[in-house]
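Working notes, structure below.
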Amino acid sequence: MLEDTMKSFHHINAKTVDEAVNLLERYGGRAKLIAGGTDLLGFLKHRILEDYPEVIINVKTISEAGDMKEDSEGLKIGALTKLADIAGSGLVREKYRLLAEAAESVATPQIRNMATVGGNLCQGVRCWYYRYPHEVGERFLCRLKGGKTCYALTGENQYHSIFGALNGCVAVNPSDIGVALLALDARITITGLSGTRVVSVDDFFRSLHHDREAQSLVTEINVPCPNDEAKQAFFKFSSRKSLDFATVSLASVIPMKNGVCENARIALGAVAPKPFRAVDAEQLIKGRVVNKAAAEAAAEASVKQALPLSKNSYKVKIVKALLKRAILSGVK
Ligand SMILES: Cc1cc2nc3c(=O)[nH]c(=O)nc-3n(C[C@H](O)[C@H](O)[C@H](O)COP(=O)(O)OP(=O)(O)OC[C@H]3O[C@@H](n4cnc5c(N)ncnc54)[C@H](O)[C@@H]3O)c2cc1C
Numbered sequence: 049m050l051e052d053t054m055k056s057f058h059h060i061n062a063k064t065v066d067e068a069v070n071l072l073e074r075y076g077g078r079a080k081l082i083a084g085g086t087d088l089l090g091f092l093k094h095r096i097l098e099d100y101p102e103v104i105i106n107v108k109t110i111s112e113a114g115d116m117k118e119d120s121e122g123l124k125i126g127a128l129t130k131l132a133d134i135a136g137s138g139l140v141r142e143k144y145r146l147l148a149e150a151a152e153s154v155a156t157p158q159i160r161n162m163a164t165v166g167g168n169l170c171q172g173v174r175c176w177y178y179r180y181p182h183e184v185g186e187r188f189l190c191r192l193k194g195g196k197t198c199y200a201l202t203g204e205n206q207y208h209s210i211f212g213a214l215n216g217c218v219a220v221n222p223s224d225i226g227v228a229l230l231a232l233d234a235r236i237t238i239t240g241l242s243g244t245r246v247v248s249v250d251d252f253f254r255s256l257h258h259d260r261e262a263q264s265l266v267t268e269i270n271v272p273c274p275n276d277e278a279k280q281a282f283f284k285f286s287s288r289k290s291l292d293f294a295t296v297s298l299a300s301v302i303p304m305k306n307g308v309c310e311n312a313r314i315a316l317g318a319v320a321p322k323p324f325r326a327v328d329a330e331q332l333i334k335g336r337v338v339n340k341a342a343a344e345a346a347a348e349a350s351v352k353q354a355l356p357l358s359k360n361s362y363k364v365k366i367v368k369a370l371l372k373r374a375i376l377s378g379v380k
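Residue numbering for the sequence shown follows the numbering used here, beginning at 49 and increasing consecutively.
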């Protein structure tokens, strides 16, 4: 019979980023970081992964990573900032509105009060094969766990990728914050054993997916300020209005001048193994008067490369609808 209780582990409060990194070095793959715990504790309770950590390194005790402030380069968000603080910040609501809306769309007030932005970016995928609780039956040794098979490819794939696989896995990344940060062209600072690096959102999610056990710490997120004329939008389509992950989400920043689109960054969520740039749609509206025809052409272009699986072609229609809505928002 399978046990349904959590195993015991050592809990260490790290006081500084350096201390957390040193602890990661000391314990290697036997340690796991914890911030708000809203994702990690579920993983441990249900024994999703075979390797159970012996040591949990609490990063909430690192005071240097909990601030949010603006300077001439934009917004600096410490990795321990709570989603509730992002959603409720007057500054974020005024100048980085889509980020506040993305944070507000996550889960429930209770979860947003615990969940940190760093933890949101690093959360595990929600694929039901990957997350199959060990107490229910044997784990699925899927591609993301190092196995040979992605069970969703030929199985229940309603909520999976329509833009192909990464590393043989078609689970989508569930982070709403990641989608918002991709549209905002943010940079993510990571500190690990090999030092500190600043990476784009795209690079961050690619390496997160390939190397889930990477022993490094997200410390800060830098978000350049969109110009005043930019239209910002965040839309999330899900089966329920609250407490639901996105079926498809979209975040966009579209700077406009006299009705003409000067530039565009459009990011889609829950459609690919990492937040996905709708580059074809962006190219189509750049330099054009934004109207219904342009929005429809961009929506069609955005799904040109879609490869829906057996049960998720409905997502293609949602992508097109959200894209048109984002491009036409505020257009008379
Ligand atoms: C019911 C429910 C509904 C949800 N709905 C949504 C939703 O709609 N949209 C959405 O985006 N998310 C959703 N989530 C996920 C939720 O947002 C995440 O659980 C949360 O953001 C994780 O943050 P945390 O601080 O609790 O992370 P933790 O649970 O503490 O950690 C999560 C993972 O990140 C790692 N980690 C944590 N901090 C760092 C760091 N600074 N650097 C490196 N690694 C780190 C941990 O080791 C762990 O692997 C939902 C979760 C639940 C339980």
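Built from N, CA and C at the ideal position, the CB exists for glycine as well.
In this model, asparagine 61 and methionine 54 are separated by some 20 Å (Cα to Cα). For ligand 1, no non-hydrogen atom lies closer than 8 Å to the CB of cysteine 190. Inclusion of alanine 83 and glutamine 263 in the CB contact set at 9 Å is not warranted, their separation being larger than that value. In this structure, the CA atom of lysine 363 is about 14 Å from the CA atom of phenylalanine 324.
In this chain, the beta strand (DSSP E) harbouring threonine 267 covers 264-271. Distances taken from the Cβ of alanine 132 to the heavy atoms of ligand 1 include none shorter than 8 Å. Counting only the Cα atoms, cysteine 170 lies some 14 Å from leucine 192. Contact between arginine 95 and alanine 135 is ruled out by a C-beta separation of about 32 Å, above the 8 Å threshold. Contact between the stretch 230-249 and the stretch 265-273 is present: three or more C-beta pairs spanning the two stretches fall below 8 Å.
When beta bridges are read from the DSSP output, aspartate 119 appears opposite Gly122. Of the candidates Val65, Lys108, Ile210, Glu67, the residue whose Cα lies closest to the Cα of threonine 86 is Lys108. Threonine 202: member of the alpha helix (DSSP H) spanning 199-202, first to last residue. In the three-state scheme derived from DSSP, where H, G and I count as helix and E and B as strand, methionine 162 is classed as helix. Inclusion of aspartate 292 in the 8 Å shell around ligand 1 follows from its C-beta lying nearer than that to a non-hydrogen atom of the ligand. Rounded to whole angstroms, tyrosine 144 and alanine 312 show a C-alpha spacing of 15 Å. Taking 8 Å as the cut-off, the C-beta of aspartate 250 does not count as close to any heavy atom of ligand 1.
Note on geometry: alpha-carbon atoms of lysine 352 and lysine 368 lie some 11 Å from one another. In this model, glutamate 98 and glycine 138 are separated by some 43 Å (Cα to Cα). For proline 157, the Cβ stays outside the 8 Å cut-off from all heavy atoms of ligand 1.
By the 16-neighbour rule on beta-carbons within 10 angstroms, glutamine 280 is buried. For leucine 146, the CB stays at least 8 Å from every heavy atom of ligand 1.
The continuous stretches of beta strand (DSSP E) do not include isoleucine 333, which lies in the alpha helix (DSSP H) extending over residues 327-333. Residue state for lysine 368 is assigned as helix, using DSSP reduced to three classes. In the DSSP assignment, valine 69 falls outside any beta strand (DSSP E) and within the unbroken alpha helix (DSSP H) covering 65-75. The straight-line gap separating the alpha-carbon atoms of asparagine 106 and histidine 58 is approximately 10 Å. Within the chosen limit of 8 Å, ligand 1 does not reach the beta carbon of isoleucine 269 with any heavy atom. Under the three-state reduction of DSSP, phenylalanine 91 is assigned to helix. Spanning the alpha carbons of leucine 357 and tyrosine 207 requires a straight line of approximately 10 Å. Counting only residues of its own chain and dropping the five nearest sequence neighbours on each side, alanine 132 has a CB closer than 6 Å to the CB of Arg160, Asn161. Note on alanine 341: under 16 other CB atoms within 10 angstroms of its CB, so exposed under the neighbour-count rule. When distances are taken from the beta-carbon of asparagine 275 to the heavy atoms of ligand 1, even the shortest one reaches 8 Å or more.
With a cut-off of 8 Å, the C-beta of methionine 116 is classified as distant from ligand 1, since no heavy atom of the ligand falls inside that distance.
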